[in-house]
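First up is the structure itself, then whatever we jot down about it.
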Amino acid sequence: MSLDPFYLIVDHVDWLRRLLPCGVKLAQLRVKNAAEDDLRAQIIAARDLCRYFGAQLIVNDYWRLALELGCDFVHLGQEDLIDADLAAIRRGGLKLGVSTHDDAELAKALAARPDYVALGPIFPTLLKKMPWAPQGLEKIGRWKQKIGALPLVAIGGLTPERAVSALSAGAQSAAVVTDITLNPDPEARARQWVATTRAFV
Numbered sequence: 087m088s089l090d091p092f093y094l095i096v097d098h099v100d101w102l103r104r105l106l107p108c109g110v111k112l113a114q115l116r117v118k119n120a121a122e123d124d125l126r127a128q129i130i131a132a133r134d135l136c137r138y139f140g141a142q143l144i145v146n147d148y149w150r151l152a153l154e155l156g157c158d159f160v161h162l163g164q165e166d167l168i169d170a171d172l173a174a175i176r177r178g179g180l181k182l183g184v185s186t187h188d189d190a191e192l193a194k195a196l197a198a199r200p201d202y203v204a205l206g207p208i209f210p211t212l213l214k215k216m217p218w219a220p221q222g223l224e225k226i227g228r229w230k231q232k233i234g235a236l237p238l239v240a241i242g243g244l245t246p247e248r249a250v251s252a253l254s255a256g257a258q259s260a261a262v263v264t265d266i267t268l269n270p271d272p273e274a275r276a277r278q279w280v281a282t283t284r285a286f287v
């Protein structure tokens, strides 16, 4: 399986309405603390927008809704992995991505037979406080050796320039949140990410 080298993560479907036209081909919808009706509506809208623009949609956490609504991907953190029905996810044809931060988490992720593994934070990140130190580019190479052909997603503190370094170090995809959503011109920044990462498609 292959992933686009530019992996956009947003917290509301409105971001997809703005940024998918910029050439985004891989996007995760990571909605927190939304009412059930709102969450369902956002996933449906995100699914339809991604289909229209020829992009892959990854739903964060809500694997039951992703299954019910016919989405292609779900991404689970380590805590969510514990409670998820992995057999149901597989039966439903959902592809699975899993977050990892250390060797123990990587072992748990690989036991779930994911379709990709995410490693982070590669660099210091503004998004949330984490108990893990930045992993650095060298760890990307070590992780890639451990997982073989499985796609590796780098996340945390990435800019277009840092994304090139992460992709060159062995990641197949570079995930980004705040470098775009906090930028004064998110659309222009998204187009810069698209242009910068095209060499790795």
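Each step along the sequence shown adds one to the number in the working numbering, with nothing skipped, and position 16 is 102.
Beta carbons are placed, not taken as given, at the ideal position from N, Cα and C, and that holds for glycine.
Treat the numbers as computed from the prediction; the structure is a model and nothing was measured.
Separation of the CB atoms of L167 and D147 is rounded to 10 Å, and the pair is thereby denied contact status at 8 Å. If you draw a straight line from the Cα of I241 to the Cα of P207, it comes to about 6 Å. Burial is judged here by how many other beta carbons sit within 10 angstroms of a residue's own beta carbon; D188 has fewer than 16 and is exposed. Here the C-alpha atom of A235 lies approximately 30 Å from the C-alpha atom of V117. Using a Cβ distance threshold of 9 Å, V262 and L94 count as a contacting pair. Closest by C-alpha distance to A170, out of H98, A198, I144, K225, is A198.
Residue pairing by DSSP places S259 opposite V239 in a beta bridge. For V203, the closest C-alpha among the options F209, N269, G183, A193 is that of G183. One Cα belongs to V287, the other to E224, and the distance between them is close to 22 Å. If you draw a straight line from the Cα of V145 to the Cα of S259, it comes to about 17 Å.
According to the DSSP assignment, Y93 belongs to no alpha helix (DSSP H) but to the beta strand (DSSP E) extending over 92-96. R150 and V110 have their C-alpha atoms some 25 Å from each other. Taking the Cα positions, F209 is about 35 Å away from A174. Assignment of beta-bridge partners to V145 by DSSP yields L115, V160. DSSP places S185 in no alpha helix (DSSP H) but in the uninterrupted beta strand (DSSP E) bounded by 181-186. Less than 9 Å divides the Cβ of A276 from the Cβ of L105. A residue is called buried when at least 16 other Cβ atoms come within 10 angstroms of its Cβ; L238 meets this threshold and is buried. Under the three-state reduction of DSSP output, L192 falls in the helix class.
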